[in-house]
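*Asks:*
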Amino acid sequence: MERKLAYTTAKGIVILAGILSISIASANLAMGVFSWGFVFVVAFAVAAAPRMSLALPRSKFAISFADALIFLTFLLYGGPAAVIVAAAETFANCLYLRKKGFPFGPFMIPTNVSIATVSTALTILAWDAVNLAAFGHLDLQSTPALVAYLGFLALVQFATSSFMVALFQSLKDGSNVFTTWSKDCFSSSMTQIVGAGLAGLIFRLITFGDIITGGIATVALSIAYLSYRQTIREVNEAIDQAEEAEREKAWVERDLRREAERHASQLALSLEKEELANVALRKSEKDFQHAALHDSLTNLANRKQLGDILRTMIRDYKEDPSATFQVLFLDISRFKDINDSLGHTFGDKVLMVAAKRFVRMLAPTDVVARIGGDEFAIILRNVSTVGKAQKVARRIYDSISQPFSLSGNNILISVNVGIAPCDAEYNTPEEVLRDADIAMHYAKERNVGVAVFTKELRLFHRTRSLRK
(Lines of atoms letter the chains of each structure in order from A and count residues from 1; the text may use other names and numbers.)
(Lines give C-alpha, C1' and ligand atoms only; values in the text may rest on other atoms or scores of the structure.)
Protein backbone atom coordinates (compact mmCIF):
# COMPACT_ATOMS: atom_id res chain seq x y z
CA MET A 1 0.00 0.00 0.00
CA GLU A 2 2.81 2.41 0.88
CA ARG A 3 4.66 1.55 -2.35
CA LYS A 4 1.51 2.21 -4.41
CA LEU A 5 1.06 5.58 -2.70
CA ALA A 6 4.71 6.48 -3.35
CA TYR A 7 4.34 5.41 -7.00
CA THR A 8 1.23 7.56 -7.48
CA THR A 9 2.85 10.51 -5.71
CA ALA A 10 5.95 10.24 -7.90
CA LYS A 11 3.81 10.31 -11.03
CA GLY A 12 2.05 13.44 -9.80
CA ILE A 13 5.35 15.17 -9.03
CA VAL A 14 6.85 14.32 -12.43
CA ILE A 15 3.71 15.44 -14.27
CA LEU A 16 3.77 18.79 -12.43
CA ALA A 17 7.48 19.15 -13.24
CA GLY A 18 6.73 18.35 -16.88
CA ILE A 19 3.98 20.97 -17.06
CA LEU A 20 6.31 23.50 -15.48
CA SER A 21 9.11 22.65 -17.94
CA ILE A 22 6.80 23.00 -20.95
CA SER A 23 5.43 26.29 -19.61
CA ILE A 24 8.89 27.77 -19.04
CA ALA A 25 10.11 26.52 -22.43
CA SER A 26 7.07 28.01 -24.19
CA ALA A 27 7.59 31.34 -22.45
CA ASN A 28 11.26 31.43 -23.48
CA LEU A 29 10.76 30.53 -27.15
CA ALA A 30 12.29 33.22 -29.31
CA MET A 31 10.11 34.61 -32.08
CA GLY A 32 12.78 33.67 -34.60
CA VAL A 33 12.25 29.99 -33.81
CA PHE A 34 8.85 29.96 -35.52
CA SER A 35 9.93 29.15 -39.05
CA TRP A 36 9.04 26.60 -41.69
CA GLY A 37 12.06 24.58 -40.62
CA PHE A 38 10.88 24.35 -37.02
CA VAL A 39 7.34 23.51 -38.14
CA PHE A 40 8.79 20.73 -40.31
CA VAL A 41 10.80 19.33 -37.39
CA VAL A 42 7.72 19.32 -35.12
CA ALA A 43 5.55 17.75 -37.82
CA PHE A 44 8.19 15.10 -38.52
CA ALA A 45 8.50 14.35 -34.80
CA VAL A 46 4.73 13.93 -34.43
CA ALA A 47 3.80 12.18 -37.67
CA ALA A 48 6.85 10.27 -38.91
CA ALA A 49 9.30 9.61 -36.06
CA PRO A 50 7.09 7.17 -34.08
CA ARG A 51 6.69 5.03 -37.21
CA MET A 52 10.36 5.05 -38.15
CA SER A 53 11.91 3.41 -35.08
CA LEU A 54 14.11 0.44 -36.02
CA ALA A 55 13.77 -2.37 -33.49
CA LEU A 56 16.28 -5.20 -33.43
CA PRO A 57 14.60 -8.60 -33.83
CA ARG A 58 13.54 -10.17 -30.53
CA SER A 59 15.24 -7.43 -28.57
CA LYS A 60 14.24 -4.53 -26.30
CA PHE A 61 16.70 -2.30 -28.18
CA ALA A 62 15.33 0.07 -30.82
CA ILE A 63 17.03 2.84 -32.79
CA SER A 64 14.72 5.84 -32.45
CA PHE A 65 14.87 9.05 -34.46
CA ALA A 66 13.26 10.99 -31.60
CA ASP A 67 16.58 11.67 -29.87
CA ALA A 68 18.10 12.79 -33.18
CA LEU A 69 15.27 15.31 -33.63
CA ILE A 70 15.65 16.60 -30.07
CA PHE A 71 19.44 17.04 -30.41
CA LEU A 72 19.03 18.63 -33.86
CA THR A 73 16.52 21.08 -32.39
CA PHE A 74 19.10 21.88 -29.68
CA LEU A 75 21.59 22.76 -32.38
CA LEU A 76 19.27 24.70 -34.69
CA TYR A 77 16.67 26.35 -32.46
CA GLY A 78 17.91 26.20 -28.88
CA GLY A 79 16.93 24.47 -25.66
CA PRO A 80 13.32 25.66 -25.20
CA ALA A 81 12.42 24.47 -28.68
CA ALA A 82 14.01 21.08 -27.91
CA VAL A 83 11.77 20.72 -24.84
CA ILE A 84 8.67 21.37 -26.98
CA VAL A 85 9.81 18.83 -29.60
CA ALA A 86 10.53 16.22 -26.90
CA ALA A 87 7.05 16.65 -25.42
CA ALA A 88 5.31 16.51 -28.81
CA GLU A 89 7.25 13.46 -30.05
CA THR A 90 6.76 11.46 -26.82
CA PHE A 91 3.04 12.19 -26.75
CA ALA A 92 2.65 11.14 -30.40
CA ASN A 93 4.74 8.01 -29.83
CA CYS A 94 2.58 6.97 -26.83
CA LEU A 95 -0.61 7.43 -28.86
CA TYR A 96 0.90 5.37 -31.70
CA LEU A 97 1.90 2.56 -29.32
CA ARG A 98 -1.54 2.54 -27.69
CA LYS A 99 -3.12 2.26 -31.13
CA LYS A 100 -0.87 -0.76 -31.78
CA GLY A 101 -2.20 -2.43 -28.62
CA PHE A 102 0.47 -1.49 -26.09
CA PRO A 103 -1.19 -1.11 -22.64
CA PHE A 104 -0.67 2.04 -20.59
CA GLY A 105 -1.54 2.34 -16.92
CA PRO A 106 -3.40 5.29 -15.40
CA PHE A 107 -1.68 8.62 -16.15
CA MET A 108 1.30 6.84 -17.73
CA ILE A 109 1.08 8.77 -21.02
CA PRO A 110 1.40 12.17 -19.31
CA THR A 111 4.05 10.64 -17.05
CA ASN A 112 6.10 9.46 -20.06
CA VAL A 113 5.73 12.87 -21.70
CA SER A 114 6.83 14.56 -18.48
CA ILE A 115 9.87 12.27 -18.11
CA ALA A 116 11.03 13.18 -21.63
CA THR A 117 10.33 16.86 -21.00
CA VAL A 118 12.04 17.02 -17.61
CA SER A 119 15.09 15.06 -18.78
CA THR A 120 15.45 17.41 -21.77
CA ALA A 121 15.08 20.46 -19.54
CA LEU A 122 17.69 19.12 -17.11
CA THR A 123 20.01 18.47 -20.04
CA ILE A 124 19.64 22.13 -21.10
CA LEU A 125 20.40 23.37 -17.59
CA ALA A 126 23.39 21.04 -17.25
CA TRP A 127 24.82 22.15 -20.59
CA ASP A 128 24.33 25.84 -19.81
CA ALA A 129 26.18 25.40 -16.51
CA VAL A 130 29.07 23.37 -17.97
CA ASN A 131 29.38 25.50 -21.11
CA LEU A 132 29.51 28.70 -19.09
CA ALA A 133 31.98 27.33 -16.56
CA ALA A 134 34.31 25.28 -18.77
CA PHE A 135 34.00 26.26 -22.41
CA GLY A 136 32.75 29.80 -22.52
CA HIS A 137 31.28 29.58 -26.00
CA LEU A 138 31.75 26.65 -28.39
CA ASP A 139 31.99 27.12 -32.12
CA LEU A 140 29.66 24.45 -33.46
CA GLN A 141 31.26 24.78 -36.90
CA SER A 142 34.25 23.01 -35.35
CA THR A 143 33.90 19.24 -35.50
CA PRO A 144 35.60 18.63 -32.10
CA ALA A 145 33.33 21.21 -30.49
CA LEU A 146 30.26 19.65 -32.12
CA VAL A 147 31.29 16.19 -30.93
CA ALA A 148 31.81 17.46 -27.37
CA TYR A 149 28.48 19.28 -27.46
CA LEU A 150 26.47 16.32 -28.71
CA GLY A 151 28.33 13.83 -26.53
CA PHE A 152 27.50 15.83 -23.43
CA LEU A 153 23.85 16.16 -24.45
CA ALA A 154 23.57 12.42 -25.11
CA LEU A 155 25.22 11.51 -21.80
CA VAL A 156 23.07 13.82 -19.64
CA GLN A 157 19.88 12.96 -21.55
CA PHE A 158 20.52 9.25 -21.03
CA ALA A 159 21.45 9.63 -17.35
CA THR A 160 18.39 11.68 -16.39
CA SER A 161 15.78 9.79 -18.41
CA SER A 162 17.07 6.30 -17.53
CA PHE A 163 17.30 7.15 -13.82
CA MET A 164 13.71 8.38 -13.72
CA VAL A 165 12.47 5.30 -15.59
CA ALA A 166 14.38 2.98 -13.22
CA LEU A 167 13.06 4.88 -10.21
CA PHE A 168 9.47 4.54 -11.40
CA GLN A 169 9.92 0.82 -12.04
CA SER A 170 11.41 0.39 -8.57
CA LEU A 171 8.46 2.17 -6.96
CA LYS A 172 6.07 0.04 -9.00
CA ASP A 173 7.40 -3.46 -8.26
CA GLY A 174 9.80 -2.93 -5.34
CA SER A 175 12.94 -3.87 -7.31
CA ASN A 176 16.38 -2.37 -6.69
CA VAL A 177 16.91 0.89 -8.60
CA PHE A 178 20.46 0.10 -9.73
CA THR A 179 19.53 -3.46 -10.75
CA THR A 180 16.61 -2.19 -12.81
CA TRP A 181 18.77 0.52 -14.38
CA SER A 182 21.61 -1.84 -15.34
CA LYS A 183 19.28 -4.58 -16.60
CA ASP A 184 16.55 -2.66 -18.45
CA CYS A 185 17.79 0.90 -19.02
CA PHE A 186 21.51 0.72 -19.75
CA SER A 187 21.06 -0.67 -23.26
CA SER A 188 18.93 2.36 -24.17
CA SER A 189 22.11 4.48 -24.13
CA MET A 190 22.61 3.36 -27.74
CA THR A 191 19.55 5.35 -28.82
CA GLN A 192 21.05 8.57 -27.44
CA ILE A 193 24.45 7.81 -29.00
CA VAL A 194 22.98 6.99 -32.41
CA GLY A 195 20.61 9.95 -32.15
CA ALA A 196 23.47 12.33 -31.31
CA GLY A 197 25.53 11.03 -34.22
CA LEU A 198 22.63 11.36 -36.67
CA ALA A 199 21.82 14.87 -35.41
CA GLY A 200 25.45 15.91 -35.88
CA LEU A 201 25.51 14.52 -39.42
CA ILE A 202 22.29 16.34 -40.40
CA PHE A 203 23.51 19.55 -38.76
CA ARG A 204 26.78 19.42 -40.72
CA LEU A 205 24.89 18.81 -43.95
CA ILE A 206 22.57 21.76 -43.26
CA THR A 207 25.38 24.14 -42.32
CA PHE A 208 27.58 22.92 -45.17
CA GLY A 209 25.14 24.52 -47.57
CA ASP A 210 25.82 22.23 -50.55
CA ILE A 211 22.46 21.14 -51.97
CA ILE A 212 23.97 18.36 -54.10
CA THR A 213 25.93 16.91 -51.19
CA GLY A 214 22.88 17.17 -48.96
CA GLY A 215 20.72 15.44 -51.54
CA ILE A 216 23.22 12.64 -52.04
CA ALA A 217 23.52 12.16 -48.28
CA THR A 218 19.74 12.16 -47.90
CA VAL A 219 19.34 9.55 -50.63
CA ALA A 220 22.12 7.43 -49.14
CA LEU A 221 20.62 7.59 -45.64
CA SER A 222 17.16 6.79 -47.01
CA ILE A 223 18.48 3.77 -48.90
CA ALA A 224 20.37 2.57 -45.83
CA TYR A 225 17.28 3.05 -43.67
CA LEU A 226 14.95 1.23 -46.08
CA SER A 227 17.50 -1.55 -46.61
CA TYR A 228 17.92 -2.10 -42.89
CA ARG A 229 14.17 -1.96 -42.34
CA GLN A 230 13.70 -4.58 -45.08
CA THR A 231 16.40 -6.74 -43.50
CA ILE A 232 14.71 -6.53 -40.11
CA ARG A 233 11.37 -7.45 -41.67
CA GLU A 234 12.91 -10.48 -43.39
CA VAL A 235 14.59 -11.57 -40.18
CA ASN A 236 11.31 -11.24 -38.29
CA GLU A 237 9.50 -13.23 -40.99
CA ALA A 238 12.16 -15.94 -40.82
CA ILE A 239 11.85 -16.05 -37.05
CA ASP A 240 8.05 -16.22 -37.33
CA GLN A 241 8.32 -19.10 -39.80
CA ALA A 242 10.75 -20.90 -37.53
CA GLU A 243 8.43 -20.39 -34.57
CA GLU A 244 5.47 -21.67 -36.60
CA ALA A 245 7.48 -24.75 -37.56
CA GLU A 246 8.39 -25.22 -33.91
CA ARG A 247 4.71 -24.96 -32.95
CA GLU A 248 3.74 -27.58 -35.54
CA LYS A 249 6.56 -29.78 -34.34
CA ALA A 250 5.34 -29.28 -30.78
CA TRP A 251 1.82 -30.42 -31.78
CA VAL A 252 3.20 -33.58 -33.35
CA GLU A 253 5.46 -34.21 -30.38
CA ARG A 254 2.52 -33.63 -28.03
CA ASP A 255 0.49 -36.35 -29.79
CA LEU A 256 3.45 -38.70 -29.67
CA ARG A 257 4.02 -37.83 -26.04
CA ARG A 258 0.40 -38.56 -25.14
CA GLU A 259 0.67 -41.94 -26.83
CA ALA A 260 3.91 -42.63 -25.00
CA GLU A 261 2.37 -41.49 -21.72
CA ARG A 262 -0.46 -43.99 -22.10
CA HIS A 263 2.05 -46.79 -22.44
CA ALA A 264 4.26 -45.30 -19.75
CA SER A 265 1.38 -45.15 -17.25
CA GLN A 266 1.04 -48.92 -17.41
CA LEU A 267 4.77 -49.32 -17.01
CA ALA A 268 4.77 -46.81 -14.15
CA LEU A 269 2.07 -48.79 -12.36
CA SER A 270 4.10 -51.98 -12.51
CA LEU A 271 7.25 -50.10 -11.53
CA GLU A 272 5.40 -48.54 -8.61
CA LYS A 273 4.41 -51.96 -7.34
CA GLU A 274 7.98 -53.13 -7.74
CA GLU A 275 9.24 -50.04 -5.95
CA LEU A 276 6.86 -50.64 -3.04
CA ALA A 277 8.20 -54.15 -2.78
CA ASN A 278 11.77 -52.81 -2.87
CA VAL A 279 10.94 -50.24 -0.19
CA ALA A 280 9.50 -52.93 2.03
CA LEU A 281 12.57 -55.07 1.41
CA ARG A 282 14.95 -52.21 2.17
CA LYS A 283 13.00 -51.41 5.33
CA SER A 284 13.17 -55.01 6.49
CA GLU A 285 16.90 -55.06 5.73
CA LYS A 286 17.37 -51.82 7.64
CA ASP A 287 15.35 -53.15 10.56
CA PHE A 288 17.38 -56.34 10.51
CA GLN A 289 20.65 -54.40 10.49
CA HIS A 290 19.39 -52.24 13.35
CA ALA A 291 18.30 -55.28 15.33
CA ALA A 292 21.68 -56.90 14.73
CA LEU A 293 23.50 -53.94 16.30
CA HIS A 294 21.08 -52.72 18.99
CA ASP A 295 19.54 -54.06 22.15
CA SER A 296 15.83 -54.70 21.61
CA LEU A 297 14.80 -53.51 25.08
CA THR A 298 16.77 -50.28 25.55
CA ASN A 299 17.62 -49.51 21.90
CA LEU A 300 21.22 -49.03 23.01
CA ALA A 301 24.16 -50.53 21.16
CA ASN A 302 24.51 -54.26 21.81
CA ARG A 303 27.66 -56.29 22.49
CA LYS A 304 28.41 -56.75 18.78
CA GLN A 305 28.27 -53.04 17.96
CA LEU A 306 30.27 -52.25 21.08
CA GLY A 307 32.93 -54.74 19.99
CA ASP A 308 33.09 -53.23 16.48
CA ILE A 309 33.53 -49.72 17.88
CA LEU A 310 36.12 -50.82 20.43
CA ARG A 311 38.08 -52.71 17.79
CA THR A 312 38.31 -49.54 15.68
CA MET A 313 39.32 -47.38 18.64
CA ILE A 314 42.03 -49.85 19.71
CA ARG A 315 43.49 -49.72 16.20
CA ASP A 316 43.29 -45.90 16.11
CA TYR A 317 44.99 -45.62 19.50
CA LYS A 318 47.88 -47.79 18.36
CA GLU A 319 48.36 -45.52 15.33
CA ASP A 320 47.76 -42.26 17.21
CA PRO A 321 48.24 -42.26 21.01
CA SER A 322 46.32 -38.99 21.26
CA ALA A 323 43.09 -40.83 20.27
CA THR A 324 42.42 -41.82 23.87
CA PHE A 325 39.38 -43.55 25.31
CA GLN A 326 38.18 -45.03 28.60
CA VAL A 327 35.85 -48.02 28.99
CA LEU A 328 33.36 -48.25 31.87
CA PHE A 329 31.80 -51.58 32.86
CA LEU A 330 28.59 -51.11 34.88
CA ASP A 331 26.53 -53.59 36.87
CA ILE A 332 23.21 -52.63 38.47
CA SER A 333 23.16 -53.90 42.03
CA ARG A 334 20.08 -55.44 43.65
CA PHE A 335 18.50 -55.88 40.24
CA LYS A 336 17.82 -59.58 40.91
CA ASP A 337 15.76 -58.63 43.97
CA ILE A 338 13.61 -56.34 41.81
CA ASN A 339 13.05 -59.08 39.25
CA ASP A 340 12.16 -61.62 41.92
CA SER A 341 9.83 -59.36 43.87
CA LEU A 342 8.16 -57.25 41.15
CA GLY A 343 8.53 -59.43 38.06
CA HIS A 344 10.59 -59.40 34.88
CA THR A 345 8.32 -56.86 33.14
CA PHE A 346 8.89 -54.37 35.92
CA GLY A 347 12.61 -55.18 35.85
CA ASP A 348 12.70 -54.36 32.13
CA LYS A 349 11.21 -50.92 32.91
CA VAL A 350 13.93 -50.33 35.49
CA LEU A 351 16.59 -51.20 32.90
CA MET A 352 15.08 -48.72 30.44
CA VAL A 353 15.08 -45.96 33.09
CA ALA A 354 18.73 -46.69 33.89
CA ALA A 355 19.66 -46.69 30.18
CA LYS A 356 18.06 -43.25 29.67
CA ARG A 357 19.94 -41.86 32.67
CA PHE A 358 23.24 -43.17 31.28
CA VAL A 359 22.62 -41.51 27.91
CA ARG A 360 21.59 -38.16 29.42
CA MET A 361 24.81 -37.89 31.43
CA LEU A 362 27.21 -38.49 28.53
CA ALA A 363 28.47 -36.55 25.54
CA PRO A 364 26.88 -37.23 22.12
CA THR A 365 30.14 -38.81 20.94
CA ASP A 366 30.23 -41.35 23.78
CA VAL A 367 28.79 -44.86 23.35
CA VAL A 368 26.45 -46.65 25.74
CA ALA A 369 25.77 -50.37 25.25
CA ARG A 370 23.83 -53.07 27.03
CA ILE A 371 25.94 -56.20 26.98
CA GLY A 372 23.58 -58.52 28.79
CA GLY A 373 21.15 -58.74 31.71
CA ASP A 374 21.86 -55.87 34.09
CA GLU A 375 25.33 -55.15 32.67
CA PHE A 376 26.18 -52.09 30.60
CA ALA A 377 29.35 -50.70 29.05
CA ILE A 378 30.28 -47.12 28.20
CA ILE A 379 33.04 -45.84 25.91
CA LEU A 380 34.23 -42.33 26.77
CA ARG A 381 35.88 -40.85 23.68
CA ASN A 382 38.80 -38.42 23.89
CA VAL A 383 39.04 -38.66 27.70
CA SER A 384 42.77 -38.47 28.25
CA THR A 385 43.12 -39.25 31.97
CA VAL A 386 41.75 -41.78 34.41
CA GLY A 387 40.84 -38.95 36.75
CA LYS A 388 38.37 -37.50 34.24
CA ALA A 389 36.88 -40.94 33.68
CA GLN A 390 36.47 -41.36 37.45
CA LYS A 391 34.57 -38.06 37.64
CA VAL A 392 32.16 -39.22 34.93
CA ALA A 393 31.75 -42.60 36.63
CA ARG A 394 31.10 -40.95 39.98
CA ARG A 395 28.40 -38.70 38.45
CA ILE A 396 26.75 -41.78 36.96
CA TYR A 397 26.95 -43.57 40.30
CA ASP A 398 25.37 -40.63 42.14
CA SER A 399 22.61 -40.23 39.52
CA ILE A 400 21.64 -43.91 39.47
CA SER A 401 21.62 -44.02 43.26
CA GLN A 402 18.84 -41.42 43.40
CA PRO A 403 15.50 -43.11 44.25
CA PHE A 404 12.64 -42.81 41.77
CA SER A 405 9.01 -43.83 41.51
CA LEU A 406 7.85 -46.32 38.89
CA SER A 407 4.28 -47.62 38.59
CA GLY A 408 3.57 -46.59 42.17
CA ASN A 409 6.68 -48.27 43.57
CA ASN A 410 9.63 -46.46 45.12
CA ILE A 411 12.74 -47.87 43.49
CA LEU A 412 16.26 -47.61 44.89
CA ILE A 413 19.13 -49.07 42.90
CA SER A 414 22.85 -48.44 42.65
CA VAL A 415 25.58 -49.30 40.22
CA ASN A 416 29.12 -50.68 40.41
CA VAL A 417 31.51 -49.19 37.87
CA GLY A 418 34.84 -50.56 36.68
CA ILE A 419 37.12 -48.40 34.54
CA ALA A 420 39.65 -49.75 32.02
CA PRO A 421 41.90 -47.00 30.60
CA CYS A 422 43.17 -47.31 27.04
CA ASP A 423 46.46 -49.16 26.80
CA ALA A 424 48.73 -50.13 23.94
CA GLU A 425 48.76 -53.74 25.17
CA TYR A 426 45.10 -54.22 24.23
CA ASN A 427 44.52 -56.00 20.93
CA THR A 428 40.88 -57.05 21.15
CA PRO A 429 37.66 -55.62 22.65
CA GLU A 430 37.37 -58.69 24.85
CA GLU A 431 40.63 -57.81 26.62
CA VAL A 432 39.40 -54.30 27.45
CA LEU A 433 36.00 -55.53 28.68
CA ARG A 434 37.71 -58.25 30.73
CA ASP A 435 39.81 -55.75 32.64
CA ALA A 436 36.89 -53.34 33.09
CA ASP A 437 34.85 -56.27 34.44
CA ILE A 438 37.66 -57.11 36.89
CA ALA A 439 37.62 -53.51 38.15
CA MET A 440 33.80 -53.59 38.43
CA HIS A 441 33.87 -56.76 40.56
CA TYR A 442 36.55 -55.21 42.75
CA ALA A 443 34.32 -52.14 43.29
CA LYS A 444 31.39 -54.45 44.06
CA GLU A 445 33.33 -56.56 46.58
CA ARG A 446 34.81 -53.54 48.34
CA ASN A 447 31.50 -51.64 48.12
CA VAL A 448 33.28 -48.52 46.79
CA GLY A 449 31.06 -47.90 43.77
CA VAL A 450 33.87 -47.01 41.33
CA ALA A 451 37.23 -48.74 40.78
CA VAL A 452 39.99 -48.32 38.19
CA PHE A 453 41.70 -51.36 36.68
CA THR A 454 45.39 -51.87 37.39
CA LYS A 455 47.69 -54.74 36.58
CA GLU A 456 47.80 -55.55 40.29
CA LEU A 457 44.04 -56.12 40.17
CA ARG A 458 44.51 -58.54 37.27
CA LEU A 459 47.16 -60.46 39.25
CA PHE A 460 44.91 -60.49 42.30
CA HIS A 461 41.99 -61.78 40.21
CA ARG A 462 44.09 -64.58 38.69
CA THR A 463 45.48 -65.62 42.06
CA ARG A 464 42.02 -65.81 43.57
CA SER A 465 40.72 -67.80 40.59
CA LEU A 466 43.53 -70.34 40.99
CA ARG A 467 42.73 -70.73 44.68
CA LYS A 468 39.12 -71.47 43.84
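With the sequence shown counted from 1, adding 1141 to any position gets you the working numbering. Ideal Cβ placement from N, Cα and C applies to all residues, glycine included. Quantities reported herein were computed from a predicted structural model and do not represent experimental measurements.
Sorted by chain position, which residues of the same chain lie with C-beta nearer than 7 angstroms to V1500's C-beta, five sequence neighbours on each side aside?
*Replies:* Here residue 1500 corresponds to residue number 359 of the sequence shown, with the count starting at 1. Here the set comprises V1509.
*Asks:* Are the beta-carbon atoms belonging to V1558 and Y1567 less than 8 angstroms from one another?
*Replies:* Locating residue 1558 in the sequence shown gives position 417, where the first residue counts as 1. Locating residue 1567 in the sequence shown gives position 426, where the first residue counts as 1. For V1558 and Y1567, no; Cβs fall outside 8 angstroms.
*Asks:* Could you check whether I1256 and V1306 sit closer than 8 angstroms to each other, using their CB atoms as the reference points?
*Replies:* As a first step, residue 1306 is located in the sequence shown; it is residue number 165 there, counting from the start. As a first step, residue 1256 is located in the sequence shown; it is residue number 115 there, counting from the start. The answer is yes: Cβ separation under 8 angstroms.
*Asks:* Using a Cβ distance threshold of 8 angstroms, determine whether the region 1466 to 1481 contacts the region 1403 to 1415, with at least three qualifying pairs required.
*Replies:* Short answer: they don't touch.
*Asks:* Is any heavy atom in the ligand MG found nearer than 7 angstroms to the beta carbon of A1379?
*Replies:* Judged by which ligands are present, the structure shown has none, so any question about the ligand MG falls away.
*Asks:* Could you tell me the distance, in whole angstroms, from the CA atom of A1592 to the CA atom of Y1583?
*Replies:* As a position in the sequence shown, residue 1592 is number 451, starting the count at 1. As a position in the sequence shown, residue 1583 is number 442, starting the count at 1. The alpha-carbon atoms of A1592 and Y1583 are separated by roughly 7 angstroms.
*Asks:* Three-state secondary structure (DSSP) at L1600?
*Replies:* Walking along the sequence shown from the start, residue 1600 turns up at place 459. Looking at L1600 - three-state DSSP - the assignment turns out to be helix.
*Asks:* The beta strand (DSSP E) spanning N1253 covers which residue range?
*Replies:* If you number the sequence shown from 1, residue 1253 lands on position 112. Unbroken run through N1253 is the alpha helix (DSSP H), 1249 to 1271; no beta strand (DSSP E).
*Asks:* Could you give the DSSP three-state label for S1540: helix, strand or coil?
*Replies:* Position 399 of the sequence shown holds residue 1540. DSSP places S1540 in helix when its eight states are reduced to three.
*Asks:* Might you give, ordered along the chain, the residues of its own chain that have their beta carbon closer than 7 angstroms to the beta carbon of I1448, omitting 5 neighbours on each side?
*Replies:* Counting from one through the sequence shown, the residue named residue 1448 turns up at place 307. Inspection of the sequence shows that residue 1448 is occupied by Gly rather than by Ile. Cβ within range, chain order: P1570.
*Asks:* Take S1200 and list the residues in its own chain whose beta-carbon comes closer than 8 angstroms to its own, dropping the five residues that flank it on each side.
*Replies:* Reading the sequence shown from its first residue, position 59 is the one you call residue 1200. Bear in mind that the predicted position of S1200 carries a pLDDT of just 48, short of 50, making it unreliable; the figure below should be weighed with that in mind. Taken in chain order, the list of residues that qualify is empty.
*Asks:* Taking the straight line between their C-alpha atoms, what separation do you get for E1099 and E1384?
*Replies:* In the structure as shown, the chain starts at 1142 and stops at 1609, and residue 1099 therefore has no counterpart that could be examined.
*Asks:* Taking the alpha-carbon positions, what's the Y1218 to S1167 distance?
*Replies:* Walking along the sequence shown from the start, residue 1218 turns up at place 77. Walking along the sequence shown from the start, residue 1167 turns up at place 26. Computed Cα separation, rounded: 13 angstroms.
*Asks:* Give the DSSP-derived three-state secondary structure of S1131 in the structure shown.
*Replies:* No answer is possible for residue 1131: the residues shown for the chain start at 1142 and end at 1609.
*Asks:* In the structure shown, what three-state DSSP assignment does R1475 receive?
*Replies:* Mapped onto the sequence shown, residue 1475 falls at position 334. Coil, per DSSP.
*Asks:* When we look at the beta-carbon of P1221 and count the other beta-carbons within 10 Å, is it buried (16 or more) or exposed?
*Replies:* To locate residue 1221, count along the sequence shown from 1; it is residue 80. With 16 or more other Cβ atoms within 10 Å, it is buried.
*Asks:* Quick one: what's got a C-beta closer than 7 angstroms to D1457's C-beta in the same chain, skipping five residues either side?
*Replies:* Counted from its first residue, the sequence shown places residue 1457 at position 316. Excluding positions up to five away in sequence, the list reads A1464.
*Asks:* For my contact list, F1185 and L1161 are in at a C-beta cut-off of 8 angstroms; report their separation, rounded to the angstrom.
*Replies:* Start at 1 with the first residue of the sequence shown, and residue 1185 comes out as number 44. Start at 1 with the first residue of the sequence shown, and residue 1161 comes out as number 20. Incorrect: roughly 26 angstroms between the Cβ atoms, too far for contact.
*Asks:* What did DSSP end up calling A1504 once you bin it into helix, strand or coil?
*Replies:* In the sequence shown, the residue the question calls residue 1504 occupies position 363. Coil.
*Asks:* So what does DSSP say about G1513, is it helix, strand or coil?
*Replies:* In the sequence shown, residue 1513 corresponds to position 372, counting from 1. G1513: strand per DSSP, three-state reduction.
*Asks:* Could you give the C-beta distance for I1163 and A1223, rounded to a whole number, given that I count them as a contact under 8 angstroms?
*Replies:* Numbered from its first residue, the sequence shown carries residue 1163 at position 22. Numbered from its first residue, the sequence shown carries residue 1223 at position 82. Between A1223 and I1163 the Cβ distance is about 12 angstroms, and since that is not below 8 angstroms, they are no contact.
*Asks:* Please determine, among V1226, A1534, M1581, the residue with the shortest C-alpha to C-alpha distance to E1516.
*Replies:* In the sequence shown, the residue the question calls residue 1516 occupies position 375. Checked all of V1226, A1534, M1581; the closest Cα to E1516 is M1581.
*Asks:* Got a sec, what are the start and stop residues for the beta strand (DSSP E) V1593 sits in?
*Replies:* Working through the sequence shown from its first residue, we reach residue 1593 at position 452. Its beta strand (DSSP E) spans residues 1591 to 1593.
*Asks:* Three or more beta-carbon pairs under 8 angstroms between the region 1544 to 1560 and the region 1483 to 1497, yes or no?
*Replies:* In short, these stretches touch, since the Cβ pair count reaches three.
*Asks:* Are the CB atoms of H1431 and Q1446 nearer to each other than 8 angstroms?
*Replies:* Your numbering for residue 1431 matches position 290 in the sequence shown. Your numbering for residue 1446 matches position 305 in the sequence shown. No.
*Asks:* Beta-carbon within less than 7 angstroms of K1427's beta-carbon, same chain only, minus the 5 sequence neighbours each way: which residues are those?
*Replies:* Taking the first residue of the sequence shown as position 1, residue 1427 is located at position 286. So the list is empty, once near-sequence residues are dropped.
*Asks:* Looking only at C-alpha atoms, which of L1410, Q1382, D1576 sits nearest to L1471?
*Replies:* Position 330 of the sequence shown, counted from the first residue, corresponds to residue 1471. Of the candidates L1410, Q1382, D1576, the one whose C-alpha sits nearest the C-alpha of L1471 is D1576.
*Asks:* Less than 8 angstroms separating the beta-carbons of A1504 and I1541?
*Replies:* Walking along the sequence shown from the start, residue 1504 turns up at place 363. Walking along the sequence shown from the start, residue 1541 turns up at place 400. Contact flag unset, no.
*Asks:* Are the beta-carbon atoms belonging to G1513 and R1444 less than 8 angstroms from one another?
*Replies:* Start at 1 with the first residue of the sequence shown, and residue 1513 comes out as number 372. Start at 1 with the first residue of the sequence shown, and residue 1444 comes out as number 303. A contact, by the Cβ cut-off of 8 angstroms.
*Asks:* Which first and last residues belong to the alpha helix (DSSP H) in which L1574 is found?
*Replies:* Along the sequence shown, one-based indexing puts residue 1574 at 433. Run containing L1574: 1570 to 1587, per the alpha helix (DSSP H) assignment.
*Asks:* Could you pull out every residue in the same chain whose Cβ sits closer than 7 angstroms to the Cβ of H1602, ignoring the five residues on either side in sequence?
*Replies:* As a position in the sequence shown, residue 1602 is number 461, starting the count at 1. Taken in chain order, the residues that qualify are I1579.
*Asks:* Out of V1259, I1520, T1264, R1475, state which residue places its alpha-carbon closest to the alpha-carbon of P1562.
*Replies:* Counting from 1 along the sequence shown, the entry for residue 1562 is found at position 421. Out of V1259, I1520, T1264, R1475, I1520 has the C-alpha closest to the C-alpha of P1562.
*Asks:* With a threshold of 16 other CB atoms inside 10 Å of the CB of N1111, please say whether the residue is buried or exposed.
*Replies:* Here the chain comprises residues numbered 1142 to 1609, so residue 1111 is not present and cannot be evaluated.
*Asks:* Compare the beta carbon distance of T1231 and K1152 with 8 angstroms and say whether it is the shorter of the two.
*Replies:* In the sequence shown, counting from the first residue as 1, residue 1231 sits at position 90. In the sequence shown, counting from the first residue as 1, residue 1152 sits at position 11. It is not a contact, given that the beta carbons lie outside the stated cut-off.
*Asks:* From K1241 to V1254, what distance separates their C-alpha atoms?
*Replies:* For the purposes of this step, residue 1241 is taken as the residue at position 100 of the sequence shown. For the purposes of this step, residue 1254 is taken as the residue at position 113 of the sequence shown. Straight-line Cα distance between these residues: approximately 18 angstroms.
*Asks:* Which residue's Cα is closest to the Cα of T1261: R1239, S1474, G1159?
*Replies:* Looking up residue 1261 in the sequence shown gives position 120. Nearest option by C-alpha distance: G1159.
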